[in-house]
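> Pasting a structure below so you can have a look.
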């Protein structure tokens with residue numbers, strides 16, 4: 001079954017790794033890619049990392065990006081603009097809770113549009 005891919009974006013690689021670990025306790029199949037920290041391992045975000053994560057998480061059902069703070073949203077928006085895919089959405093939700101709900105919904109086979117609707121209703 002195709003599942004919506006999820007990209008977790010944070011200024012800290014440890015944060016997205018921890019969120020992925022939490023999700024994996026309930027769902028081991030949903031495609032989750034990480035874009036945490038800068039290219040040289042510092043605190044910050046990287047458009048290139050986000051673009052690569054979108055590419056790796058892409059599925060016919062789309063890709064959902066969830067970010068932590070500030071410039072992560074701006075870099076996510078730039079990466080989406082540069083993406084060649086149509087169904088790539090950014091969810092402005094709490095990274096832990098939002099990613100968890102999104103993963104559950106993806107595991108049920110929902111599209112990125114359906115997941116966005118659920119997130120809008122709950123956050």
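In UniProt numbering, the protein residues as written are 1 to 123.
Note that CB positions come from ideal geometry on N, CA and C, so glycine has one too.
1) Between which two residues does the alpha helix (DSSP H) containing residue 97 stretch?
2) Considering only their Cβ atoms, is the gap separating residue 36 from residue 16 smaller than 8 Å?
3) Which residues bound the alpha helix (DSSP H) around residue 6?
4) How is residue 114 classed by DSSP in three states: helix, strand or coil?
5) Pick helix, strand or coil for residue 80, following the three-state DSSP scheme.
6) Could you say which of 86, 3 and 34 lies nearest to residue 95 if we only look at CA atoms?
With the structure as the only source:
1) To locate residue 97, count along the chain shown from 1; it is residue 97. That run of the alpha helix (DSSP H) goes 95-107.
2) Residue 16 sits at position 16 when you count from the first residue of the chain shown. Residue 36 sits at position 36 when you count from the first residue of the chain shown. Yes, these two residues count as a Cβ contact at 8 Å.
3) Taking the chain shown and counting its residues from 1, the one referred to as residue 6 is at position 6. Looking at the DSSP string, residue 6 is not in any alpha helix (DSSP H); the run it does join, the beta strand (DSSP E), is 5-10.
4) Here residue 114 refers to the residue found at position 114 when the chain shown is read from its first residue. Three-state result, residue 114: helix.
5) Reading the chain shown from its first residue, position 80 is the one you call residue 80. Here residue 80 sits in helix by DSSP.
6) Counting from 1 along the chain shown, the entry for residue 95 is found at position 95. It is 34 whose Cα lies nearest to the Cα of residue 95.
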